[in-house]
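If you read the sequences in order, they're chains A and B.
In case it helps, this note's numbering puts the first sequence at residues 1 to 192.
In case it helps, this note's numbering puts the second sequence at residues 193 to 346.
C-beta: ideal position from N, C-alpha, C; glycine also.
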Amino acid sequence: MRLVTQPSALVVLATPGGYHRQLAEAAAAGLAARYETTVLDLAAEGFQAFMSPEERRAYHTNDPLLDPIVEDYARQVVEAHSLTFVFEAYLGLVPPLLKGWLEKVLAPGVAFVFDQNHRVRPNLRNVDSLAGVATSTQQGTKGAKTLLLRGLRLNIPGRVKKRWYELAQTTEISEKERDEFAVIVRRGMAAL
Amino acid sequence: MKVLLVSTHPCEESFNNYLAARAVEVLGRRHDLLYVDINHDSRDGLLAWAEAVVWVYPTWWSSPPARLLEWLYDHFTGPYDRLTKMAVVTTHGSSWRVNKLAGEVGRRLMTKRLPSLANPTCRCRWIALYDIDRATADRRTRFVESVEKELAAL
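So, in structure tokens, the structure goes:
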């Protein structure tokens, strides 16, 4: 047992491929100054984004997480002091892999709880920083930003620092600009 | 009118699928209807045929389920000049107010962005039940009635 623990940071990587991996590692390197950091690579983990009938039926029970892997992911989120999402936007929104992670992992009892009147109450009690690192090819990242920094934020009861790093039109920019963006992300996350 | 009905929910017995079944019944009376449950049907090219699209899905995390997002990304490429009408039938776990606070990204996607890829006259109706987890049977029944009425007038 460790007596002194660093706060933990979770970086959720929801787009496969080298450049997003690079961005996730840049964010993690920045966060490492203050946090014990984990990168969760959803594609590499083989995460199944679509909720199965069994998972949906369990959702409103006292035991909503059927899959032990999903349970592990839920533990990571509940313990996290910092959440960062790295992805390429889809239709301006988060990609299905990340949407599925929100749907399956952030079940009742994880991101939120119900009070006696069945009203939703926030439950991400540790989180003090919330960030997105999003690339887009044509439709921007505005919807994704709103979903995460406003929607997900409602599940954090306390004060929270928010950051959003966006790289638009990734098909038209040079390698050098991509690398520069990764540096901006690393420095920004280090200065959180 | 050629109407495409796109629906998704993992559970056969869901309220969502009941709504989809009601929609099939109402729309089938007056229109040339094609019903696609994207959990079981991955047919392509349907949007080019449609003059109207009705979407039936549960709103989760203020937006369509992952499965519908992926379907839209793969299929809704546009522009669809024939497409002049859309309607969304959806349910929300949280209240109208919480959805406003969360920013309603799904509503914006379905009622603004998708119509922008259709005929310039295309408008999308938003037919939504909020706070479904606390809804009484009576409120659900009234919602079903309003869905039927709105779709009959599509």
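Buried versus exposed, by CB contacts within 10 Å (16 or more), residue i
i         : result
Thr-135/A : buried
Arg-187/A : exposed
Asn-291/B : buried
Lys-104/A : buried
His-81/A  : buried
Arg-56/A  : buried
Gly-285/B : buried
Ala-74/A  : buried
Met-193/B : exposed
Asn-208/B : buried
DSSP state of residue i mapped onto helix, strand, coil
i         : result
Trp-252/B : strand
His-284/B : strand
Ile-324/B : helix
Val-160/A : coil
Gly-92/A  : coil
Arg-125/A : coil
Gly-295/B : coil
Phe-112/A : strand
Ala-134/A : strand
Met-1/A   : With a pLDDT of only 48 at Met-1/A, under 50, the local geometry of the prediction cannot be trusted, and the value read off the model is given with reservation. Of the three classes helix, strand and coil, the one that applies to Met-1/A here is coil, per DSSP.
Tyr-227/B : strand
Leu-309/B : helix
Asp-266/B : helix
Ile-184/A : helix
Arg-119/A : coil
Contact check, residue i vs residue j, beta carbons under 9 Å
i         : j         : result
Val-195/B : His-232/B : no
Leu-219/B : Leu-301/B : no
Val-110/A : Val-77/A  : yes
Leu-97/A  : Val-297/B : no
Arg-163/A : Leu-124/A : no
Leu-309/B : Pro-95/A  : no
Pro-64/A  : Cys-203/B : no
Tyr-272/B : Ala-242/B : yes
Euclidean distance between Cα positions of residue i and residue j
i         : j         : result
Glu-172/A : Cys-314/B : 31 Å
Asn-311/B : Lys-277/B : 9 Å
Met-1/A   : Ser-254/B : Only weak support is given to the placement of Met-1/A: the predicted model assigns it a pLDDT of 48, under 50, and the value that follows is read from those uncertain coordinates. Roughly 40 Å between the two C-alpha positions.
Gly-18/A  : His-118/A : 43 Å
Glu-36/A  : Lys-161/A : 18 Å
Thr-283/B : Asp-266/B : 24 Å
Ala-33/A  : Ala-27/A  : 11 Å
Glu-89/A  : Arg-305/B : Reading off the sequence, residue 89/A comes out as Ala, not Glu. Looking at the two C-alpha atoms, the distance is approximately 14 Å.
Thr-84/A  : Glu-175/A : 23 Å
Arg-214/B : Arg-317/B : 17 Å
Arg-21/A  : Val-245/B : 37 Å
Gly-295/B : Pro-16/A  : 27 Å
Arg-289/B : Asp-128/A : 24 Å
Tyr-165/A : Thr-303/B : 27 Å
Ile-69/A  : Ile-184/A : 33 Å
beta-carbon residue i near the ligand GDP non-hydrogen atom, thresh 8 Å
i         : result
Leu-106/A : Of the ligands one can find in the structure shown there are none, so the ligand GDP has no counterpart to examine.
Which residues of the segment 245-267 of chain B have a Cβ closer than 7 Å to any Cβ of chain A? Give them in chain order.
Trp-252, Trp-253, Ser-254, Ser-255, Pro-257, Ala-258, Arg-259, Leu-261, Glu-262, Leu-264 and Tyr-265
Quick one: which residues of the segment 303-319 of chain B get their C-beta closer than 9 Å to a C-beta of chain A? List them in chain order.
Arg-305 and Leu-306
Short-range partners of chain B found in the segment 41-55 of chain A, where Cβ spacing is below 9 Å
Ala-49, Phe-50, Met-51, Ser-52, Pro-53, Glu-54 and Glu-55
Can you list, in chain order, the residues of the segment 132-155 of chain A whose Cβ is nearer than 7 Å to any Cβ on chain B?
Within the segment 132-155 of chain A, the qualifying residues are Gly-143, Thr-146, Leu-147, Arg-150, Gly-151 and Leu-154.
Could you name the residues of the segment 75-102 of chain A whose beta carbon sits closer than 9 Å to any beta carbon of chain B, in the order they occur along the chain?
Tyr-90, Leu-91, Gly-92, Leu-93, Val-94, Pro-95, Pro-96, Leu-97, Leu-98, Lys-99, Gly-100, Trp-101 and Leu-102
For the segment 152-179 of chain A, enumerate the residues whose C-beta is nearer than 7 Å to any C-beta of chain B, in chain order.
Leu-154
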